[in-house]
Each structure stands twice: as C-alpha cells, then as structure tokens.
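Working notes for the structure below.
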Amino acid sequence: MAEDTLFHPPFQSLYANRLSVAPMLDWTDRHFRFMMRLICRRALLYTEMIALEAVLRGDREKLLSFSPCETPLVLQIGGSDPFKMKQAAQIAESFGYQGINLNAGCPSDAVQKGGWGACLMKEPETVAECVAALKSASRLPVSVKTRISLAESKQPYEDMRHFALLCAQAGADGLIIHARQAVLKKNFSPKDNRGKLPLNYNAVYRLKEELETPFPSLPVIINGNITIKDIDTHLPFTDGVMVGRAAYGDPYSFIGADKKYYNDLHPALSREDILRRMIEYARAQRPQKPLYITRHLMGLYKGTPCAGIFRKALMENSLEVLEDFLYRHSNANT
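Structure follows, in structure tokens:
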C-alpha cells in the first residue's frame, strides 16, 4: 500500500490539475506510470480501467498497489452497481489513491457486454447513483470520464449537458469529456471510435461555460486527440487537458511540463538518465521477460536520429542490450 506521497494536492483541487495522462487499458500500468514520473512529477496520472468486480474480488495487491512516487494517482473503475461502488471506494481509499474515476465512455465489446462504459450514457441516472455511492463511502474526490453522447442521439449537446448536470448534482468533483460521440456496434472497434468520428471541442467549451453558474467549482477536463503542443489551445476554455495516446507514443514531450504548468523547477532528466533508471527499475522487478516493463520506453527516443536503433534494441528483450545502447549513445554525446 502507498506510504507518504511526493505530491499530495488538496482533495478539492485534484481534478483542477492542468495536465493529466488518460487511463489506457494495457498501457498505463504501474511500470509506465513509474517512467512518466521520471519525466513529469506534477501531471495527474490514472490507472488502467479496472472492472468493479476485479476490485472487489481480484488480487488486490497485484491490481491496485502502486509506488508512492506515482502520485497524484486516480483509480479508474468500470462498473454500474452503486451498492458495490461503496465497497470499491473504501478499498481505493485504503490503498492510498487520491481519487476515483468512473468510466462512462469506453465503447469496447467487452465493456458493452457488461453494460457499463459508454453504455452508461444511456443511463445518466445510474451514473449519478454511482457517483453518490462513491462519495458516501469515502472522502476521495470522484470524477466521471465520458463522451459527448452516443452517435444515435438526436440532440447530442443536450444529452451531454443533462448527463453532466446529473453528475454534478450527485456530487461529482470533476468531469472529463472525450470530445467525440461513441458508436455502440459489435463491429465498430475502439479504434474506429477514435478514428472515424469527428472531434467537437467547442461542445466541451460550451459545457464548461454553461456549468460555470450552477457549479462554478466543478472542473471540466477536455480529452480527445490532444498532444502536449495543443494544451495551450484548450486551457483558456477548460480547467485542464487530458492527453492519451500522444503521451504514450512520445512520453519525453512532457519533459518541460512541470516548469511550464506548475512552476516546478526541478532539474529535468535526459533520455539517457531515464533509460538508465528504467534499466535499474526493471532489474529490481526481476521480470522473466524485461520487455514486459521496457515496452513502455518504445517512444522515449521518438524524433531523434537513433529512434529506430533504440526500438530494435528494445525488441531484443534484454537489459544487457539496452545497457549497450546506453553506453554507445552516451559516449556518442560526450
């Protein structure tokens, strides 16, 4: 379980964090989060989506434990049972998470079978009940991540506004809006839901503006095809920006974020420093296959002349090969 944390923001301001990295299934595990903290200390991080039943009945130490250096960290839960949410909230608090996020936007087939994720956009009252249950069971701030609406909606903005108001009235401490609709069809994949549907950032801006009067302290965070270079475009209209795939594909692009967005002047690490620390970290974890951990480094050298060489070294699945790359690259820069 988590001990003292490096950075523990006040509960009420957690979701007003200007920069966050989106929860991404199979990607934002504890190894990726450890690497991100070497690059950026202040951005808000999220776990992968963890199913409610797994939180209640799974191997909790394996699923939920994390290093104190990963904080501030939010647990994202996928589910729709308000009663079970209460127990999950207590578990999350006992593990030392700083917040809980309810997934109401994932459109995957597996999630649809469970009747949650993006399916919950059809049931905003159920989402509100889940928010209220989570809030009643712990002191952790609760947020909801969703989309603008379902593609079948005839009044998408009105549906989003209704959804947001119910969440806010239930006590939600933050809303994260992926600025797209969602398609719930068997052969329409999450990739299709990202690539084949248009973005509508203006709808999220409008929602933030309209919520200012009834809920002035409710943070609205925008998400959807955003890179680190786009953040300044969105911040004038929202409380924060959530970056997803761009953070995973080019993690080193976050290297100046602490200084720019948080006035945190700690010395920035070089790519070589990060690689060296990740090699040390992987050795301490003693994985049978280092690539299980080091795969998260795939984009570390993106945009550099040695990016291709580095990716080939990674695929060797050997810490010794990475050490050789580090030795040769460090010498080349001396």
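Per the numbering used here, the sequence shown starts with residue 53, numbered consecutively.
Every residue gets a Cβ at the ideal spot worked out from N, C-alpha and C, and that includes glycine.
Every value quoted in this text rests on a predicted model; they were computed, and no experiment measured them.
### Query
Pairing CB atoms from the region 113-128 with CB atoms from the region 150-157, are three or more of them under 8 Å?
yes
### Proximal residues to residue 286 (C-beta, below 6 Å), its chain only, five neighbours per side dropped
274, 293
### Query
Under three-state DSSP, which class holds residue 330?
When secondary structure is reduced to three states using DSSP, residue 330 falls in the helix class.
### Message
At the level of alpha carbons, what is the spacing between residue 355 and residue 262?
### Response
40 Å
### Message
Within 8 Å, do at least three Cβ pairs link the region 232-240 to the region 180-187?
### Response
no
### Segment limits, alpha helix (DSSP H) that includes residue 188
176-189
### Query
Cα separation between residue 327 and residue 334?
Going by C-alpha positions, residue 327 is about 10 Å away from residue 334.
### Task
Please name the residue or residues paired with residue 130 in a DSSP beta bridge.
Partner residues in the beta bridge of residue 130, as assigned by DSSP, are 103.
#### Entry: 8 Å contact criterion, which residue 124 and residue 150 should meet: CB distance rounded
5 Å
#### Entry: Candidates 359, 370, 367: closest to residue 381 by CA position
359
### Query
Taking Cβ to Cβ, would you say residue 306 is nearer than 8 Å to residue 103?
no
### Message
Closest to residue 264 by C-alpha separation, out of 191, 278, 289, would be which residue?
### Response
289
### Per DSSP, cross-strand counterpart(s) of residue 156
198
#### Entry: Cα-Cα separation between residue 165 and residue 76, rounded to whole angstroms
A straight line joining the alpha-carbon of residue 165 with that of residue 76 spans about 19 Å.
#### Entry: Extent of the continuous beta strand (DSSP E) run through residue 301
Careful: residue 301 lies outside any beta strand (DSSP E), inside the alpha helix (DSSP H) at 297-301.
### Query
For residue 230, which of helix, strand or coil comes out of DSSP?
strand
### Query
Hey, residue 192 and residue 145: beta-carbon distance below 8 Å or not?
Going by C-beta atoms, residue 192 is nearer than 8 Å to residue 145.
#### Entry: Beta carbon of residue 301 nearer than 8 Å to that of residue 351
Cβ distance < 8 Å, so residue 301 and residue 351 count as in contact.
### Message
Looking only at its chain, what residues have a beta carbon closer than 8 Å to the beta carbon of residue 205, apart from the 5 residues adjacent to it on each side?
### Response
211, 233
### Message
For residue 16 and residue 255, which I take to be in contact (beta-carbon distance under 8 Å), what is that distance rounded to the nearest angstrom?
### Response
A question about residue 16 goes unanswered here, because the residues of the chain that appear run from 53 up to 386.
### Query
Is it the case that the Cβ atoms of residue 71 and residue 309 are separated by a distance below 8 Å?
yes
### Task
Could you name the residues of the same chain whose beta carbon sits closer than 7 Å to that of residue 330, not counting the 5 residues immediately before and after it, in chain order?
Here residue 330 has 87, 346, 349 as same chain residues with Cβ atoms under 7 Å from its own Cβ, once five neighbours each way along the sequence are excluded.
### Of the residues 277, 173, 194, 122, the one placed nearest residue 271, counting alpha carbons only
Ranking the options by Cα distance to residue 271, first place goes to 194.
### Task
Classify residue 294 as helix, strand or coil using the three-state DSSP reduction.
strand
### Query
Hey, how far is the Cα of residue 222 from the Cα of residue 249?
Cα to Cα, the separation comes out at about 30 Å.
### Task
Would you decide whether residue 366 is buried or exposed? Buried here means 16 or more other CB atoms lie within 10 Å of its CB.
buried
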